[in-house]
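Okay, structure first, notes after.
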Amino acid sequence: MEELLERLCKAKGVSGNEREVAKILEEELAPFVEKTWKDNFGNLIFESGGNGPAVVIVAHMDEIGGMVKHVDKEGFLYFVDIGSNNPQQLVGSRVLVGEGLPGVIQTKKKGKDLKVEDLYIDAGAGGPDELKELGIGPGTLIVRGPSYDRLMGQRRISKSFDNRAGVCVMAETMKRAADTGCRLIAAASCQEEVGVRGAKVLSNYIEADYVFALDVTFAVDTPQRSSDRDMNTCLGKGPAITLKDDHYLMRPDVRRFVEGVAERHGIPLQYDISTGGTDAGPLYVSKGVSVTVPILIPLRYMHTSSEVLDLGDLEQCVRLLLGLIEEIDSHAKK
Amino acid sequence: MSLGELSCLRGISGQEKEVRSYIIREIEGHCEDIRTDSIGNLYAKSGGDSKSRIGLFAHMDEVGMMVTRIDGHLLHFDPVGGINPVLLPGTKVRIGENATPGVVGCPPKHLQKKGEGELSIPLEDLRIDVGDFVEEIEIGDMVTFDTEYRERSGVAKGKAFDDRIGCQCLIDIIKKGVDADCTFVFTVQEEAGLRGAQVASQNVDIDYGMACEGTFALDQPGVPDYDKMPMMGHGPVITIADRSVISSREMVDAMASVAGTFGIPYQFKRPFAGGTDAGMVHLSGFGVPSCVVSNPCRYIHSPCAMARLEDLNMMSKLIYESIGRISEGI
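Chains as they are written, first to last, in this note's numbering: chain P, 1 to 334; chain R, 1 to 330.
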């Protein structure tokens with residue numbers, strides 16, 4: 001699983017241009033499923049399994065990034081963000097501009113209250129013409145520079161664990177659950193970071209008894225927390241289910257169902273109560289979906305170039321999904 | 001060209017009847033199957049078979065205000081759509097079905113305290129004064145800017161260029177006649193949150209969507225040179241991404257290439273500013289690749305905007321030729 005995770009994380013996939021991620025995923029997963037197709041929005045769908053209850057696993061392929069707004073006379077690039085970036089965290093981080101021109105983000109303003117407008121990218125260009133020759137100008141996408149490293153134990157550091165970790169868990173689950181009686185559908189969605197847009201398109205046509213939406217959530221089990229209440233989740237203590245975010249509320253019966261499965265399979269479970277939203281939001285209010293469960297992987301330093309997670313959580317997340325699918329299947333057969 | 005007539009019609013979000021009737025009169029005989037839906041969107045089919053079907057969208061509504069309370073000769077109001085309140089004091093307006101004249105009141109300079117400019121009046125304290133005409137007014141009446149349309153040396157000034165200029169562009173294209181399978185959609189309530197388009201995008205069967213807009217031009221005082229993007233007189237504006245949609249790259253590339261072939265100037269819009277009907281269209285069905293083409297206008301969402309008619313000509317031409325390219329499959 002880790003080999004795939006690393007490849008997915010290093011791929012470029014800013015919202016609106018997820019093709020590189022989709023290609024890796026399709027090559028990896030197509031041999032394990034019956035049917036692979038793409039909708040007109042770019043969402044990539046895999047179908048396999050039997051004819052039992054329809055179970056959809058969704059994970060977004062896109063990541064935050066930026067777009068070049070203008071290039072100044074000296075060849076420095078100014079940009080706007082795609083998705084939510086923290087300007088303070090961006091200073092000093094490396095990026096790739098366009099197809100792969102490396103650069104570094106720096107600030108022209110000192111002090112704390114940085115805005116994205118205060119930042120620029122130095123890609124070593126002598127002027128705008130040199131960049132133009134490479135096809136770089138207003139509209140060119142910017143992505144965090146690829147990096148993937150092994151920290152101590154099971155901890156890993158990389159850009160875009162949000163949400164390649166979810167994509168990876170989805171792929172692994174599809175592989176291991178290939179012989180289930182459930183109708184198993186994996187949907188790798190686009191443009192989550194700019195307003196769960198891919199999931200909105202999915203919600204137009206997906207019909208499912210269960211939707212499991214995979215994403216990451218804040219783990220603040222670090223000196224950054226001012227009290228333990230800020231923690232939300234911890235690394236290494238298993239997947240978290242969302243009880244509430246800005247676009248989702250978990251039904252008590254759904255919560256009991258997931259907790260029961262986790263308990264019977266010996267999987268640790270955490271709870272996420274946070275702001276923002278995930279792909280679960282539009283799906284759980286859609287006409288064709290009965291039950292929606294957001295399942296999240298704890299992540300430190302989200303939306304930076306150096307996000308940190310624990311591989312153990314990914315494995316437990318796969319096990320939870322397999323447990324859920326198994327129980328849905330066996331319940332249907334009774 | 002009747003941008004003058006079209007932009008002087010009055011229609012805030014939800015009250016687009018006048019505009020709709022006018023457009024129907026204009027396009028009748030030039031297209032088939034003109035119909036409306038229950039929210040007020042107007043649909044027209046044109047052209048023959050083609051590999052891909054294209055939907056073209058322009059919204060009929062304009063920003064304005066609505067009367068919320070009548071207090072003697074003074075009317076309380078709420079803005080409909082995004083209006084900068086500093087523009088309002090002293091502005092002439094027309095109210096309700098009779099287009100009753102009024103003015104947004106403003107204390108005279110004599111009464112202002114030292115250091116207190118008129119800009120300090122909060123929106124909720126502004127009133128529309130209708131003098132003796134108060135009998136004609138009802139709560140819920142629309143308030144539109146009372147602006148004369150003028151044209152000189154190819155520059156037009158008037159109200160509601162966002163998005164009557166888009167409507168005019170689509171009317172021109174309908175009259176010219178297209179070869180491809182096109183559905184023209186004139187939507188309602190865009191300024192209130194893309195609501196007409198949310199309905200319309202469920203009612204059309206299309207492969208590509210294109211929103212046709214009047215957008216801001218930033219070649220105006222107070223904007224640094226590097227931010228003057230787009231500018232008036234530099235051709236139609238193609239959106240790469242705004243707050244509501246990331247345009248289909250294939251469509252953007254196709255339009256840029258069409259522009260090159262026909263020698264049409266074009267410019268890109270400042271990324272991630274504003275939102276349009278394409279925001280709804282691209283999320284409909286199995287997803288509909290969409291983009292936005294706009295006319296650069298200075299001072300939109302204000303009592304008086306400016307536009308260059310040559311930009312509008314170029315926009316019509318770019319869209320017309322792009323329809324040909326995109327409908328053949330990209």
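Heads up, the beta-carbon is just placed ideally off N, CA and C, and yes, glycines get one too.
Remember, it's a predicted structure, so these values are computed and weren't measured experimentally.
Nearest-angstrom Cα separation, counted from residue j out to residue i
i                     : j                     : result
residue 110 (chain P) : residue 90 (chain P)  : 14 Å
residue 76 (chain R)  : residue 113 (chain P) : 39 Å
residue 55 (chain R)  : residue 92 (chain R)  : 37 Å
residue 41 (chain P)  : residue 190 (chain P) : 8 Å
residue 286 (chain R) : residue 236 (chain P) : 38 Å
residue 118 (chain R) : residue 144 (chain P) : With a pLDDT of 49 at residue 118 (chain R), under the threshold of 50, the predicted position of this residue should be treated as unreliable, and no value is reported.
residue 194 (chain R) : residue 280 (chain R) : 7 Å
residue 55 (chain P)  : residue 66 (chain P)  : 34 Å
residue 122 (chain R) : residue 79 (chain R)  : 13 Å
residue 150 (chain R) : residue 297 (chain R) : 14 Å
residue 216 (chain P) : residue 44 (chain R)  : 45 Å
residue 267 (chain R) : residue 40 (chain R)  : 33 Å
residue 73 (chain P)  : residue 249 (chain R) : 27 Å
residue 152 (chain R) : residue 309 (chain R) : 10 Å
residue 243 (chain R) : residue 100 (chain P) : 25 Å
residue 325 (chain P) : residue 6 (chain P)   : 26 Å
residue 108 (chain R) : residue 84 (chain R)  : 21 Å
residue 103 (chain R) : residue 128 (chain R) : 5 Å
residue 219 (chain R) : residue 253 (chain P) : 58 Å
residue 267 (chain P) : residue 233 (chain P) : 15 Å
residue 314 (chain R) : residue 264 (chain R) : 6 Å
residue 287 (chain P) : residue 157 (chain P) : 39 Å
residue 187 (chain R) : residue 181 (chain R) : 19 Å
residue 277 (chain R) : residue 256 (chain R) : 21 Å
residue 49 (chain P)  : residue 177 (chain P) : 8 Å
residue 274 (chain R) : residue 182 (chain P) : 43 Å
residue 264 (chain P) : residue 317 (chain P) : 14 Å
residue 304 (chain P) : residue 212 (chain P) : 26 Å
residue 328 (chain R) : residue 179 (chain R) : 11 Å
Per-residue burial, residue i [other beta carbons within 10 Å of its own, 16 or more giving buried]
i                     : result
residue 124 (chain R) : exposed
residue 229 (chain P) : exposed
residue 139 (chain R) : exposed
residue 226 (chain R) : exposed
residue 190 (chain R) : buried
residue 270 (chain R) : buried
residue 25 (chain R)  : exposed
residue 36 (chain R)  : exposed
residue 197 (chain P) : buried
residue 68 (chain R)  : exposed
residue 376 (chain R) : Any property of residue 376 (chain R) remains undetermined from this structure, which presents chain R solely from 1 to 330.
residue 152 (chain P) : exposed
residue 207 (chain P) : exposed
Cβ distance (whole Å) where residue i is taken to contact residue j below 8 Å
i                     : j                     : result
residue 231 (chain R) : residue 217 (chain R) : 6 Å
residue 199 (chain P) : residue 281 (chain P) : 7 Å
residue 214 (chain R) : residue 146 (chain R) : So it is not a contact: roughly 19 Å between Cβ atoms.
residue 23 (chain P)  : residue 148 (chain P) : Incorrect: roughly 18 Å between the Cβ atoms, too far for contact.
residue 167 (chain P) : residue 61 (chain P)  : 6 Å
residue 77 (chain P)  : residue 123 (chain P) : 6 Å
residue 231 (chain P) : residue 221 (chain P) : 5 Å
Partners in chain R for residue i, counting only beta-carbon separations shorter than 9 Å
i                     : result
residue 212 (chain P) : Within chain R, no residue comes near residue 212 (chain P); the closest Cβ sits about 22 Å away, beyond 9 Å.
residue 205 (chain P) : 285 and 286
Within chain R, the residues that residue i reaches when beta carbons sit closer than 8 Å
i                     : result
residue 191 (chain P) : 246
residue 200 (chain P) : 283
residue 15 (chain P)  : 246
residue 67 (chain P)  : 240, 241, 271 and 272
residue 144 (chain P) : By Cβ distance, chain R contributes nothing, its closest Cβ being about 18 Å from residue 144 (chain P), past 8 Å.
Chain-ordered neighbours of residue i on chain P, where CB pairs are closer than 7 Å
i                     : result
residue 289 (chain R) : 40
Proximal chain P residues relative to residue i, where beta-carbon distance stays under 8 Å
i                     : result
residue 322 (chain R) : What residue 322 (chain R) touches in chain P: nothing, since even the nearest Cβ is about 17 Å away.
Residue i: contacting residues in chain R (beta-carbon distance under 7 Å)
i                     : result
residue 247 (chain P) : By Cβ distance, chain R contributes nothing, its closest Cβ being about 15 Å from residue 247 (chain P), past 7 Å.
residue 294 (chain P) : By Cβ distance, chain R contributes nothing, its closest Cβ being about 20 Å from residue 294 (chain P), past 7 Å.
Residue ranges of each beta strand (DSSP E) within the stretch 131 to 215 of chain R, 3 or longer:
142 to 145, 150 to 152, 155 to 158 and 182 to 187
Quick check for students: name the residue ranges of the beta strand (DSSP E) that lie wholly in the stretch 253 to 308 of chain R, counting only runs of 3 or more.
Listed in chain order, the complete beta strand (DSSP E) runs (minimum 3 residues) inside the stretch 253 to 308 of chain R are 290 to 298 and 305 to 308.
What are the uninterrupted segments assigned as alpha helix (DSSP H) that are 4 or more residues long and contained completely in the stretch 81 to 158 of chain P, given in chain order?
As summarised for the stretch 81 to 158 of chain P, the continuous alpha helix (DSSP H) elements at least 4 residues long and confined to that stretch are 87 to 90 and 128 to 133, given in chain order.
To test your reading of the DSSP string, which unbroken beta strand (DSSP E) runs of 3 or more residues are found completely within the stretch 8 to 42 of chain P?
If only uninterrupted beta strand (DSSP E) runs of at least 3 residues are considered, those enclosed by the stretch 8 to 42 of chain P are 35 to 38.
So within the stretch 194 to 236 of chain P, which uninterrupted beta strand (DSSP E) runs reach at least 3 residues, ignoring any that extend past its ends?
208 to 218
Mind pulling the beta strand (DSSP E) runs of 3 or more residues that sit fully within the stretch 297 to 332 of chain P?
307 to 310
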